């Protein structure tokens, strides 16, 4: 089980596949295991490096405060130790913010950058963002992580055939340590890259679920503003790598291989017949 010592921090990561390096960055309250559904198809073409951010998964959880810049610096230190000078980046939700921050810290070292359901700023500049933060903190402090996970599971995965995904949220987020989780929430709420994104040098793609927490119009506006490609998965909510596995994988493969993206009308949530019944074991190291 691979670990790396970085400035006194023990970081767990997964190293899978072969080819050009592709760093996978997980979402809030989870770990590198987020990418189980992407590991097999992407690992056929790329060397996947998937770290657990500090405070998450099997990595150490030192006392906070945390910051997105710190998460990004941790990951660059890991890549330096692994001898990786240039890579692609793929981040989901929180991981997308970390991926953007990494690309801003070392623009020359990122080939292609893809985010899934991520904004370039999470500062509390709207009532929607303030309510998201206040409600999360209140639920965690008053009712605990298990209750937060239960509410998130029903919000993320509403279809009957998505029961396995609801169970996964309960297991993973419900067992996440409370203090590091809140430290990470606060780190995200203080992060903004809007004034720095013109400094990006890599090609960028923003993938969005049709029914994500934040409006499509907001993400589309950001994509146009910063010259990023933009694609939408119909019917998907926030958990696009889980509720639209086939579309998510098709888009990622095409983008990172420099090929045309799949036609917009083909990007849809997984049907009951195609939806996974459980996470595969191929990415279990």
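Numbering (the numbering used here), first residue to last: 2 to 286. By construction, the Cβ of each residue, glycine as well, lies at the ideal position given by its N, Cα and C atoms. Just so you know, these numbers come straight off a predicted model, no measurement behind them.
Residue i and residue j closer than 8 Å at C-beta
| i | j | result |
| --- | --- | --- |
| residue 183 | residue 98 | no |
| residue 224 | residue 237 | no |
| residue 43 | residue 65 | no |
| residue 193 | residue 94 | no |
| residue 233 | residue 209 | yes |
| residue 49 | residue 25 | yes |
| residue 85 | residue 22 | yes |
| residue 16 | residue 27 | no |
| residue 12 | residue 60 | yes |
| residue 7 | residue 53 | no |
Own chain partners of residue i with C-beta closer than 6 Å, once the 5 adjacent residues on each side are dropped
| i | result |
| --- | --- |
| residue 73 | 99, 102, 103, 106 |
| residue 202 | 108 |
| residue 173 | 31 |
| residue 231 | 207, 221, 224 |
| residue 46 | 20 |
| residue 350 | This structure gives no information on residue 350, because the portion of the chain shown stretches from 2 to 286. |
| residue 195 | 121, 122 |
Exposure label - residue i; buried when at least 16 CB within 10 Å
| i | result |
| --- | --- |
| residue 176 | exposed |
| residue 128 | exposed |
| residue 180 | exposed |
| residue 82 | exposed |
| residue 205 | buried |
| residue 126 | exposed |
| residue 144 | exposed |
| residue 309 | Residue 309 is absent from the structure shown; the chain starts at 2 and stops at 286. |
| residue 14 | buried |
| residue 113 | buried |
| residue 4 | exposed |
| residue 164 | exposed |
| residue 96 | buried |
| residue 137 | buried |
| residue 39 | buried |
Beta-carbon contacts of residue i that lie in its chain and below 8 Å, excluding the five residues immediately before and after
| i | result |
| --- | --- |
| residue 166 | 154, 157, 158, 240, 243, 244 |
| residue 57 | 27, 30, 31, 32, 177, 181, 185 |
| residue 140 | 148, 149, 152 |
| residue 67 | 55, 56, 181, 184, 185, 187, 188 |
| residue 200 | 105, 108 |
| residue 71 | 55, 188 |
CA nearest to the CA of residue i, picked from the options
| i | options | result |
| --- | --- | --- |
| residue 262 | 6, 68, 249, 146 | 249 |
| residue 258 | 77, 115, 5, 213 | 115 |
| residue 235 | 211, 28, 253, 226 | 211 |
| residue 264 | 271, 161, 8, 251 | 251 |
| residue 132 | 274, 278, 273, 186 | 186 |
| residue 117 | 3, 229, 266 | 229 |
| residue 197 | 226, 146, 213 | 226 |
| residue 29 | 15, 149, 113 | 149 |
| residue 111 | 77, 137, 136, 140 | 77 |
| residue 218 | 119, 260, 38, 3 | 119 |
| residue 254 | 274, 91, 163, 139 | 91 |
| residue 216 | 138, 130, 80 | 130 |
| residue 274 | 162, 268, 214 | 162 |
| residue 276 | 53, 213, 160, 267 | 160 |
7 Å CB neighbourhood of residue i in its chain, flanking five on each side removed
| i | result |
| --- | --- |
| residue 63 | 10, 55 |
| residue 271 | 244, 245, 246, 247 |
| residue 134 | 125, 186, 190 |
| residue 69 | 98, 99, 102, 188, 189, 192 |
| residue 256 | 113, 115, 206, 262 |
| residue 142 | none |
| residue 79 | 5, 7, 12, 14, 52 |
* Asked: What runs of the alpha helix (DSSP H), each 4 residues or longer, lie entirely inside the segment 120 to 196?
  -> 128 to 144, 146 to 157, 164 to 173, 179 to 190
* Asked: What runs of the alpha helix (DSSP H), each 4 residues or longer, lie entirely inside the segment 64 to 91?
  -> 69 to 82
* Uninterrupted beta strand (DSSP E) stretches inside the segment 215 to 244 (no shorter than 3 residues) -> 230 to 234
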